[in-house]
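Undergrad: What follows is a structure written as structure tokens; I'll ask about it next.
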Amino acid sequence: MEVTTQQIYQKLSQLSNPQLNLGLLSSLDKKLGKTPNDLGLLTLQLELFQKAGMLTEAFTSQQKIAELSGKFVSDEITSAAQQLSPVTKYFNVGKIDPNNFSAAPLVLIDDFLSPNLVSELLTHTIEHEHKFRMANVGSDNPHYVPDKRLTHVCFDLGKFKAHFRDFIKKNINNFTILLDVPHFNFDKSEIKITNHLNGGFFQPHADNTAIYGDSKRVISWLYYFHQTPKAFEGGELLAFNSNIEQQEYYTHKFTKIEPINNRFVAFPSCFYHAVTPTLLTDNQFSNGRMAVAGHIRFN
Amino acid sequence: MNNNILNLNSVISRAENVLDCTVDNEMVLMSVTSGDYINLNAQASAIWSEISESQSVSMIVEKLLGQFEVELEACQQQTLDFLNVLQQEKLIEVA
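Listed in order, the protein sequences are those of chains A and B.
Numbering of the first sequence is given in this note's numbering, commencing with residue 1 and proceeding in unit increments.
Numbering of the second sequence is given in this note's numbering, commencing with residue 1001 and proceeding in unit increments.
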């Protein structure tokens, strides 16, 4: 890993530290006790929840801010979320300002697959360990760069390829509504299984240079799964507040998505994101931080 | 008194727009306005603790001299330097 990347991760580790964010939230609670409807303080509370990966609390906080500001969630958004899943959470809808730093719109679905399917997917992945190789970086001229990324990848998903592909295709419209992406002609969804073993990471990057940039990727998505009890630490996805036009991102403003078993997450590909280093003491393939990962492409 | 220039007689208190907490024995401040963070070392943490109530800089220095092995002049200068940083970040109020 490059020294600069190590320094970034060190900073990100501090900023997403639960002890720090819970401490600051506690300090903020005292102020909110005096002025419970202060929109500035509530917005900061939402940011701290997002940085701490406390997404249930963030979702509630976001709804309170919307109600207090009179910006009620539209029927279209509610319906899109419901069609994806009854437990869909969505963040930062309608907040993209291409010329400014914006929080990444996110769709989050916990308990995505039935327990049987999760178990089958885990078994499939472990049985196909021999088909995994080190992942490349870059969509135009893919190449292996261990300083930027350490991910094992496999393109054989068996029956799960159709399962995920069909879900994505059926819900393109819902994703565009919830992720603030203009309608587009669907081409296909790239799809693969990844596994992060000890030291696995993916440094901050964006999967496209604009909403409709050259890589053709519009929406990036991940489905996390792993052995239970979990054998690894880290491997969190950080989705950074990004300036799409300038292709820049804030390292101190982000949403942390923990790789919880059976969790699906999607976001616009042009938003910068990173995967924090995984700590896996026994470094067993079967105990890794696994994900099905995909990119929805436009035509 | 000119609020832009701190001296030993300045009376300091915490601003409203700041959050604080302790992580692994180190204090961290966060500006509510900018969202910026400041990590405090032991001496800076002691200063921040002192100004939970309004205090003059000279009083803060006196208390620090009782806690840290430091010369008077150095302590005065370092305290003023740190308070100047906090003032620039609008994290303190100066009476």
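Built from N, CA and C at the ideal position, the CB exists for glycine as well.
1. Got a sec? Which residues, its chain only, sit under 6 Å from A/Tyr144 by beta carbon, not counting five neighbours each side?
2. Please report the straight-line C-alpha distance between B/Leu1019 and A/Leu24, rounded to a whole angstrom.
3. In the structure shown, what three-state DSSP assignment does A/Thr281 receive?
4. So what does DSSP say about B/Ile1005, is it helix, strand or coil?
5. Take every Cβ of the region 63-70 of chain A, pair it with every Cβ of the region 39-54 of chain A, and state whether three or more of those distances are shorter than 8 Å.
6. Using a cut-off of 8 Å between C-beta atoms, extract the partners of A/His252 located in chain B.
7. Curious, which full-length alpha helix (DSSP H) runs of at least 4 residues does the region 13-60 of chain A contain?
8. Unbroken beta strand (DSSP E) runs of length 3 or more, entirely within the region 98-135 of chain A: which are they?
9. What would DSSP say about B/Glu1093, mapped onto helix, strand or coil?
10. Check the C-beta distance from A/Leu39 over to A/Leu68 and give it rounded, since I have them as a contact under 8 Å.
11. Between A/Gln336 and B/Gln1076, what straight-line distance do the alpha-carbon atoms span, to the nearest angstrom?
12. Got a sec: is the Cβ-Cβ distance from B/Cys1075 to anything in chain A below 7 Å?
13. Does B/Leu1086 come within less than 7 Å of chain A when only Cβ atoms are used?
14. Can you grab the Cα-Cα spacing for the pair B/Leu1086 / A/Asp214, in whole Å?
15. Comparing alpha-carbon positions, which option in B/Ile1005, B/Glu1093, B/Leu1006 lies nearest B/Glu1053?
16. Return the Cβ separation of A/Thr151 and A/Thr194 in integer angstroms, given the expectation that the two are a contact with Cβ distance under 8 Å.
TA: Quick answer:
1. Met134, Asn136.
2. Approximately 6 Å, taken between the alpha carbons.
3. In this structure, A/Thr281 counts as coil in the three-state DSSP scheme.
4. Reduced to three states, the DSSP call for B/Ile1005 is coil.
5. The way I'd put it, the region 63-70 of chain A does touch the region 39-54 of chain A; three or more beta-carbon pairs between them come closer than 8 Å.
6. Residues of chain B with a Cβ closer than 8 Å to the Cβ of A/His252 are, in chain order, Gly1035, Asp1036, Tyr1037.
7. Listed in chain order, they are 18-34, 39-52.
8. Those beta strand (DSSP E) runs which fall completely within the region 98-135 of chain A and span 3+ residues are 106-109.
9. Here B/Glu1093 carries a strand assignment [DSSP, helix/strand/coil].
10. Indeed they touch by this definition, with Cβ atoms about 6 Å apart.
11. This structure leaves residue 336 of chain A out entirely; chain A is present only between 1 and 299.
12. B/Cys1075 is outside the set of residues whose beta carbon lies under 7 Å from a beta carbon in chain A.
13. For B/Leu1086, the closest Cβ of chain A is not nearer than 7 Å.
14. Straight-line Cα distance between these residues: approximately 45 Å.
15. For the residues B/Ile1005, B/Glu1093, B/Leu1006, the minimum Cα distance to B/Glu1053 belongs to B/Glu1093.
16. Contact flag correct, Cβ pair sits at about 5 Å.
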